[in-house]
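Just so you know, the protein sequences line up as chains A and B, in that order.
Mapping of the first sequence onto this note's numbering: residues 202 to 341, in sequence order.
Mapping of the second sequence onto this note's numbering: residues 202 to 341, in sequence order.
For glycine and all other residues, C-beta sits at the position ideal for the given N, C-alpha and C.
This structure is a prediction, so every number in the text was calculated from the model and none was measured.
Protein chains: 2
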Amino acid sequence: MFTRLDHVGIACADLEQSILFYRNTLGLEVFHQERNEEQGVVEAMLRLNGTDDGQSSYIQLLAPTRLDSPVGKFLRSHGPGLHHLALGCPDVDAVSAAVGDKRMNVLFRPPRPASMGSRATFLHPHECGGVLIEIVTAAG
Amino acid sequence: MFTRLDHVGIACADLEQSILFYRNTLGLEVFHQERNEEQGVVEAMLRLNGTDDGQSSYIQLLAPTRLDSPVGKFLRSHGPGLHHLALGCPDVDAVSAAVGDKRMNVLFRPPRPASMGSRATFLHPHECGGVLIEIVTAAG
């Protein structure tokens, strides 16, 4: 079903400050940056390594563009920190169907556009031991 | 400095229940299980993929063996969920020194024994935008 640990999403108040921390303190560089108006976030992907399914693993830094976006609400209730865990698979539609068949509430069906042209859906932390789980298929 | 996203640590109240969730709902199997009395945890590593530095990426499920352990305290204050992000490197001693030179407070110097014979240290969430960051070198 899943073939890689795709990324870990981290909520931060100020994207540029977070990018500086990861670059200056940990030596990690921005691989890609984008703005997603629908989700109300700006984000930076920091690439860590290649994976044996032909893709990569990243840290994803997420900052809200508006207070009422999901990441804005998360920051207000939790403060900055670990936000979600993204598991990569070759076919997010098939995995969504398989997980839905187990009576899990799959949040977006069909999956919606996500980082770097990927397609993704989510499982709610209430059903996953407190962890927001993203299910993602890379572009191409 | 870092060559892979080594694992994501998840705090859970009941290890066996969490293992069942990840197996039955997400199809992920236990690769390794151990008990660390010093840290007061039982843990299960679920392997996701190989990485291009010759190692692997995992989900690490962590449950406390006593209420006053670090994971026990985390559960009491935060509830179950994402606990830490572990970045892999070939030489945890060298990375600890390099990060310490940037005036970061490296929690364990020398690093201490961690999962599957690895050696690891940590950076405090107060200094890392709310994220507990583990720096780890695999065994061998």
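Have a look at the DSSP bridge pairing and note the partners of Gln-240 (chain B). Here residue 240 (chain B) refers to the residue found at position 39 of the second sequence. Per DSSP, none; premise fails for Gln-240 (chain B).
For Met-317 (chain A), return the contacting residues in chain B, with the cut-off set at a CB-CB distance below 7 Å. In the first sequence, counting from the first residue as 1, residue 317 (chain A) sits at position 116. Here the premise fails: no neighbours, minimum Cβ distance about 16 Å.
So if I threshold CB-CB distances at 7 Å, which residues from the stretch 203 to 215 of chain B count as touching chain A? Phe-203, Thr-204, Arg-205, Leu-206, Val-209, Ile-211 and Cys-213
Using a C-beta to C-beta distance shorter than 9 Å, which residues of chain A count as neighbours of Leu-160 (chain B)? Residue 160 (chain B) cannot be examined here, being either before or after the span of chain B that is shown, 202 to 341.
So which residues on chain A does Val-243 (chain B) lean against when the C-beta distance must stay under 8 Å? Indexing the second sequence from 1 puts residue 243 (chain B) at position 42. Residues of chain A passing the Cβ test: none, with the nearest at roughly 15 Å.
Going along chain A in order, which residues have a C-beta closer than 8 Å to the C-beta of Pro-326 (chain B)? Counted from its first residue, the second sequence places residue 326 (chain B) at position 125. Here the neighbours are Gly-282.
Enclosing alpha helix (DSSP H) for Leu-216 (chain A) [first to last residue]: Numbered from its first residue, the first sequence carries residue 216 (chain A) at position 15. 216 to 227 is the extent of the alpha helix (DSSP H) around Leu-216 (chain A).
Spell out whether any CB of chain B is found under 9 Å from the CB atom of Gly-331 (chain A). As a first step, residue 331 (chain A) must be located in the first sequence, where it is residue number 130. Interface annotation, Gly-331 (chain A): in contact with chain B, CB-CB separation under 9 Å.
What does the Cβ neighbour count give for Pro-265 (chain A), buried or exposed, with the cut at 16 atoms within 10 Å? Taking the first sequence and counting its residues from 1, one reaches residue 265 (chain A) at position 64. Buried.
Is Arg-205 (chain B) near the ligand ADP - that is, is its Cβ less than 8 Å away from at least one heavy atom of it? In the structure on display, the ligand ADP does not appear, and there are no ligands present to speak of.
Per DSSP, the bridge partner or partners of Pro-265 (chain A): By one-based count along the first sequence, residue 265 (chain A) stands at place 64. Paired residue(s): A:Val-242.
Can you have a look at Asn-250 (chain B) and say buried or exposed, based on whether 16 or more other CB atoms are within 10 angstroms of its CB? Within the second sequence, the letter at position 49 stands for residue 250 (chain B). Label assigned to Asn-250 (chain B): buried.
Contacts that Asp-253 (chain B) makes with chain A (C-beta to C-beta distance below 7 Å): Within the second sequence, numbered from 1, the residue matching residue 253 (chain B) stands at position 52. Within chain A, the residues near Asp-253 (chain B) are Asn-250 and Gly-251.
Under 8 Å between beta-carbons, which chain B residues line up against Lys-303 (chain A)? List them in chain order, please. In the first sequence, residue 303 (chain A) corresponds to position 102, counting from 1. The answer, in chain order, is Asn-225 and Thr-226.
Between Gln-218 (chain B) and Ala-298 (chain A), what straight-line distance do the alpha-carbon atoms span, to the nearest angstrom? Position 17 of the second sequence holds residue 218 (chain B). Position 97 of the first sequence holds residue 298 (chain A). Looking at the two C-alpha atoms, the distance is approximately 23 Å.
Since Val-300 (chain A) meets chain B, which of its residues come closer than 7 Å, beta carbon to beta carbon? Within the first sequence, residue 300 (chain A) is the residue found at index 99, counting from 1. Near Val-300 (chain A) (Cβ distances below 7 Å), the residues of chain B are Thr-226.
Determine whether the beta carbon atoms of Ile-336 (chain B) and Val-272 (chain B) lie at a separation below 9 Å. As a working mapping, residue 336 (chain B) is identified with position 135 in the second sequence. As a working mapping, residue 272 (chain B) is identified with position 71 in the second sequence. No, they are not a contact pair.
Whether or not the stretch 305 to 312 of chain B and the stretch 222 to 238 of chain B are in contact is what I'm after, with contact meaning three or more pairs of Cβ atoms, one per stretch, closer than 8 Å; do they touch? no
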